[in-house]
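Working notes, structure below.
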Amino acid sequence: MDVSLLPTLLGVAVLLPLASFFVILTTGRRLEPAWGGYLATGAIVSAGVLALGSLGIWLTHHPVIDTGHHASEHAATSLPENPSVADDFRWRNADSETTRATTRLASFAADEEAEHPATEKAADGAPHGVDEHVSAAPVTGDYYLLGQFGQLRITIGYYIDALTVVMFCMVCLIASCIHFYAMGYMHDEEHEVTDHEVTLQNGSQLKRRGRYAQFFQYMSLFCFSMLGLVLAGNVAMVFVFWELVGICSYFLIGFYIERKSASNAANKAFIVNRIGDFGMLIGMMAIWTGLGTFSFGDIDNNDNGTIERGERGIFAQVRPPEQHHQLITPAGMALAASQDTVAHWMRQHPQATEEQRAAFLEEEATRLQLSDEADSTTGPGYWLLIVAGVGIFCGCVGKSAQFPLHVWLPDAMEGPTPVSALVHSATMVAAGVYLVGRFYPVFAPEVLLVIAVIGVITLFMAATIAITATDIKRVLAYSTVSQLGYMMLALGVGGWLAGMMHLVTHAFFKSLLFLCSGSVIHAVHTNEMTQMGGLRRKMPVTAVTMLIGCLAIAGLAIPFVVGLSGYYSKDMILEQAFSFWRSNETFWGGFFFVAAAGGAAITAFYMFRLWFMTFAGQPRDSHRYQHAHESPRVMFIPLIVLSVFAIGVAWPLPFSSLSLQGLLEQARPVGTAATVQSSLVELTWPNEHIAHLPENYDVIVKPVTLLAFCTAVGGLSLAMAMYVFGVLKPSEVRDQFSSIYRFLRNKWWFDELYQVLFVRPVHFLAGLIALFDRRWIDWLLDTLATLVTRFARLWEWLLDKRTIDALGDSLADRTYRLGLSLRGLQTGSLRQYVLFLAVGLIAVFLIISFFWSPTWAR
Amino acid sequence: MNTHVFWLSLLVFLPSLGAIVIAFVPKDRVELLRGISLVATALTFVLSVGAFLLPSSAMHFDTSAATMQHSFVLSWIPSFDISYSMGIDGISLPLVLLTTLVSLLAMGASWSVTKYVKAYCILFLILETAMLGVFVTLDFFLFFVFWEVMLLPMYFLIGVWGGPRREYAAIKFFLYTLVGGVFMLIAILMLYFKSDLVALAKVSDLNPNNPTPSVVWADLHLSDATTQALRDDPTNGGHPRHTFNLLALAAMGQHTDAFSPRWQYWAFLLLFVGFIIKVPSVPLHTWLPDAHVEAPTPISMILAGVLLKMGGYGIIRICYPICPHGGFDLAYVVCAVGVISMVYGAFAALAQTDFKRMVAYSSVSHMGYVVLGLGVWSATAGTAYNPDYWNMGVKGAMFQMIAHGISSAGMFFLVGVVYDRVHHRNLNEFGGLFGRMPVYTALSIGIFFAALGLPGLCGFIGEAFVVLSVWNFDYILAIIAASVVILTAGYILWAIQRVYLGPEYHGPHGEALTPSNLRENSIAGVLFVLAILLGVFPQTFVLRYMDSTIDRQVENLAQWTKTVKEPQLATPQAEPVDATADRHRGDEPRWFVAAEHPPNESWHDESWQADAPGQPSGSSRN
């Protein structure tokens, strides 16, 4: 089994759900509804089998090397075995620094001479003895061409590395569980449904035919899009599937299309996401123009077995191998920016002499050459790199519901619960984080700072809102937003592995939590926790699995010994944030860590608040309690499966070196393990492994682990105090801090703010423009037309009637009068006639004799 | 030669033959009249597909050839060198196929027309002939004739079969287009009387003394008589020899001094205004909403699906190749017009309450992409004359024309379907169609999403290609253009919500909302399937056919920029000196030599692979 089989295997895995979608779409109404469920489930399970097979193939070719730091022991490896540290070492190595600069200059000079590159000159002497990484080479290539423009190609391709394979398995696994679960949960839709939330004009409740098959049809389309997104080999393809998952999300949020709230939420989700995509488009434009490719990896376009110029992917251009995968301003971007500078200068100095121009160009050329010096932030084109990074991140902000575009996700809970579990917690919203992880090599340090800031704001804000929410799904929605903020923070402070780990662990425990909440809603037919309570007696499986989910998300564990999956990933994030603080003893440095730790406490509090309000204590609504029941087997078995993963997905596989962490470490983008500095913002991003060095165990790992444990326990205890023991009455607390409560209860007034700031102005402007069309442009035209007709009439009157006609008329008139007056000559007297004849004859002779000219005769 | 004359003429005039047949059918045989018209349009469609796409056909279109194919020239009015000449290349072929397809579907949608069916069918078929003629003719005069011929049937089709304000709309349409036609006529005469085949022959390979001919004479498809005359007397007795041949005019614009830069500038401007009235672009667009709202459904389909494309076709076929000076100097204006139309149309669409008016404004917005894509002249000294992004813009614009032809024709059709049932179009008085007409709703949502630019459907490809190509031309325009995706999503989703979603229909005539019938489903279905195919396989279904032609045209113009335009700009006596050109004055700074490489080429030498054994691409070659 060769790795070259992977594109086919995974490609088929992507297409299977699409096939299911089309089959249900075309035959859906003639089919027994249940078959829709079987088809979709069959498709995603088969895709899962293929994904697992791919994982197997991958592992046989790239066995996970035991890097030493197991999830359970936060010890790090010794220096030589850890190539990332070597990376870091190389970075600081003065020798290589010099070599790099020389290399760049040399190659620059080589290019300068002529078209043909000087092959021998450059890059020799570079210390390429130390190899890059444990990271395994990705499998890259194209499936087919979307369009070709000279050298530029836009394709549908693939980029397969350990991250792709892990994401594939995760998505398929969770999606399979949720499909099974949904067969139970959506059971009602197999028959005619009465929607109690929709009242018709005549006062009756809406009755409609069930949409069971349709639900699975959308789910299949979603699975196709999500898997395609994971497989995507270039940014254009990412964007394609990015929008496709968005549209599936639109369909699924708006599944109950008769409800106004659902269609509003669906619209909101799509449009808010498009705002993010607008930013992403800008980033894509910067990349496309600067680099001339969208492909992540190198693509051998001409199939000659080697990668030439122009075949390099984004990663290799931004972190060229001959620069030791250090981030540089790519040549294309530097040139583009330089050209802009020159054009601008020329416009500013039209009077400049030849010498001045030459001097300026010389200066610019020097700046260009130095653009990959250590202080590359001053070089031309660096800002384009930042635009590219921030732009792509904008897309992620939309999709992963980060501040300020987080407003759509809580509303998205209008969709059925399995949708919330799959689309709006585990997979699609995590796609933003996934893309940040995938795009990590391209992010300049300043962009990382933006990511970290957005992440920390999001995690804190969403956590605070979750405290006061009483809708069980909205608590989970805000929790999702908050956890995604954690991942962004992790990535932003340099913790690639931490972010990716949390992405995977979170997907399992959050989908578990959502499915549990769905199970509860299924039983009591309400989302309001204020009407629940004591349900653990009625639905023990749900209660236990949900407790596992809560423990996992809160990161509870026996410190240093063993914990649930969330413990490992969350601790990694906190450790990295702490390590960041140690490297930057400034406000920002501390802010990230403190907010993250505080957020952890709040997380524990609201999660257990949720659990206690739902399952503990006495029933608040006895009627609902009476009718509550444990869910059918098809629903609770997925809960058990998912809770197994929520517990142990971060543990190493027994009797092997295989662990999630090790597997993900393989996918770490080459060159990103190094410590980086930014001179623009004066911060240092510490190498992720620094936190795990043996010498740092006591200063980073130990205190952070303990602190994390304390915050989690603190949150848990507060929740217990308020909702179990009643030491603190929630209502009293509410009254005590009523203004804060109102602020949080109204979700920081984001919706209202956006309504005033954006929605209304846009509608106003639209109205204005429509008015402009009618009142101005059309008015102008109509007036013009009227004027022309008036003018024509005037013209007719003035010229035709008054002038030409008048002339003709008067001529006729005069002729007539002349005739009348000449009538008097007709006397009938012969003598008079003879006299006239004689006078006329004399006159003719006189005229001829006076005026005759011989030339007339010719 | 004769086969070409026969088949191309047949393609263009087959609908008119149908019209002649109809003229002899009694006017009360309504079904027969429609049947004959449908057969005529169907035959035209089959002919266009069969002739150009079947490999065994004598007229098979060769995708690798960049020049005109299957062309012919017959003398028509020899004293002015006006000829009856036609041909097909990568730019016209997709539009011809679009025309025949949309005409067929629109004829299928014409069953809803019940008034004066005979006259309707005759005018409809004449209209199709005129549209096809515009796309295949190679003679500027003939082009103008077809252009104007198309106007009259359209005027009557709107003015007689339209809605309540049909006369206003028809006159508005007529006058607008006529004004455009007048501008075009002025430009045609300007170009004709300055044209000179003698000068062109001098720089071409017709001149045996020219060691470096820049024009291949055979590619111009001039009549044999003209060629022979110039061969016999290369100076034409010292007089210029005028021509209406579009290809020859283009070659003159690029390779001779026949048209001075100022002359080209004005000709470009006149032609451009004439064409953007048709596109239509803001602020010359207000005929479109009225015409659409009043026109019967099939005519709206034709109008949006084909007629608007003539403007784009004119710009790419006539404005740029013939007047490159104007194109270069006015590039920013062209792009700005495109961007303004995109934004303006989207905002205006957001504010409409009339369903059809909203779709009409969406057309203004979407056709803005076409103008923008055609305008991105990004092959300058600053980009080392790399025309790749420009190429992308032009292909994106061409694709957008085809995609819009499918999605907008579909949208107008769908609006018509529901209008036929409930006789109103007020967006606020719909709702709940999903429950009443499920298949129709599914198709509608699909086609509306194609217009929204959803990936996987045809609208996305054109929009994405155009928008991505603009950054290299201008950041600001690119960012504004990209922002339109938000507005588009806004108005389309809002319309879908108001019309299709919701619990129940709350407008008049609710009882008439019956599920769509087979005829309606198949028309919308064809368009929807095409929207998917074009969206998923753009290269296979569309771009493949236009690649060579557009590559060549853009390459030629880029070459022209480098060899003709920029040196002129750099000389002090030239007109407004552009900063980009200034850079090339004096000694070339060595800095620019580096710029000669396309941006994705790295500066580093090629030996880097040897230094990077762990290069990520390694395993992809296994």
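If you read the protein sequences in the order shown, they are chains F and D.
For the first sequence, the working numbering begins at 418 and goes up steadily by one.
For the second sequence, the working numbering begins at 271 and goes up steadily by one.
Just so it is clear, CB atoms sit at the ideal spot from N, CA and C, and this is done for glycine as well.
- Look at the segment 824-836 of chain F: it has no residue with a C-beta under 7 Å from a C-beta of chain D.
- Interface annotation, Thr556/D: in contact with chain F, CB-CB separation under 7 Å.
- Scanning Tyr560/F, Gly1015/F and Val937/F for the CA closest to the CA of Trp1028/F turns up Val937/F.
- Short of 7 Å from the beta carbon of Phe669/D, and not among the five residues preceding or following it, lie these beta carbons of its own chain, in chain order: Ile731, Gly732, Phe735, Pro808, Val812 and Leu813.
- A contact between stretches requires three or more CB pairs, one per stretch, nearer than 8 Å, and the segment 919-931 of chain F meets this requirement with the segment 584-593 of chain F.
- Straight across, the Cα-Cα distance linking Arg953/F with Asp1038/F is about 14 Å.
- Of all C-beta pairs linking the segment 867-878 of chain F to the segment 1133-1147 of chain F, fewer than three are shorter than 8 Å, placing the two stretches out of contact.
- For Asn651/F, the pairing in a beta bridge is given by DSSP as Ser712/F.
- Not one beta carbon of chain D lies nearer than 7 Å to the beta carbon of Leu932/F.
- With contacts defined as CB atoms closer than 7 Å, Gly972/F and Ala1138/F fail to qualify as a contacting pair.
- With its beta carbon less than 7 Å from one in chain D, Gln756/F belongs to the interface.
- Closer than 7 Å to the CB of Val634/D there is not a single CB belonging to chain F.
- Burial is judged here by how many other beta carbons sit within 10 angstroms of a residue's own beta carbon; Asn1001/F has at least 16 and is buried.
- Ranked by how close their Cα comes to the Cα of Asp1152/F, the residues Ile970/F, Ala894/F, Thr885/F and Asp1190/F have Thr885/F in first place.
- With the criterion set as a beta carbon lying under 7 Å from some beta carbon of chain F, the members of the segment 738-753 of chain D are Leu738, Trp741, Asn742, Ala748, Ile749, Ala752 and Ser753, in sequence order.
- Buried is the label assigned to Thr959/F, since at least 16 other Cβ atoms lie within 10 Å of its Cβ.
- Taking C-beta atoms as the reference points, Val366/D and Ser318/D count as a pair closer than 7 Å.
- Residue environment analysis places Leu623/F among the buried positions, since at least 16 neighbouring C-beta atoms fall within 10 angstroms of its C-beta.
- Phe1022/F is positioned such that its CB atom lies closer than 7 Å to that of Ala1136/F.
- Residue pairing by DSSP places Asp612/F opposite Leu623/F in a beta bridge.
- Ala720/D is the residue among Gly701/D, Trp660/D and Ala720/D whose C-alpha sits nearest the C-alpha of Ile672/D.
- In the DSSP assignment, Ile577/F falls within the beta strand (DSSP E) that extends over Leu569 to Ile577.
- Annotation for Trp764/D: the continuous alpha helix (DSSP H) segment containing it runs Tyr745 to Val769.
- No Cβ-Cβ contact shorter than 7 Å links Phe713/F with Gly727/F.
- Looking from the CA of Ala686/F, the closest CA among Glu725/F, Met636/F, Arg625/F and Gly832/F belongs to Gly832/F.
- The beta-carbon distance between Phe453/D and Gly544/D, rounded to whole angstroms, is 4 Å. This is short enough to meet the 8 Å contact definition.
- Every unbroken stretch of the alpha helix (DSSP H) spanning 4 or more residues and falling wholly within the segment 713-756 of chain F is given here in chain order: 731-735.
- For Thr819/D, DSSP assigns no beta-bridge partner whatsoever.
- Distances from the CA of Gly360/D to each of Tyr386/D, Phe405/D and Thr314/D were compared; the closest alpha carbon is that of Phe405/D.
- For Trp1102/F, the three-state secondary structure derived from DSSP is strand.
- Residues of the segment 607-628 of chain D that bring their beta carbon within less than 7 Å of a beta carbon in chain F comprise Tyr614, Phe617, Ala618, Leu620, Ala621 and Gln622, in sequence order.
- Listed along chain F are Asn684, each with a C-beta nearer than 8 Å to that of Trp764/D.
- Taking Pro976/F as reference, the option from Leu617/F, Leu839/F, Leu698/F and Cys1127/F with the minimal CA-CA separation is Cys1127/F.
- The DSSP assignment places 1039-1044 and 1050-1065 as complete runs of the alpha helix (DSSP H) inside the segment 1023-1067 of chain F, in order along the chain (cut-off: 4 residues).
- Ranked by how close their Cα comes to the Cα of Gly652/D, the residues Gln740/F, Thr758/F and Gly854/F have Thr758/F in first place.
- With respect to chain F, the C-beta atom of Gly360/D has no partner C-beta closer than 7 Å.
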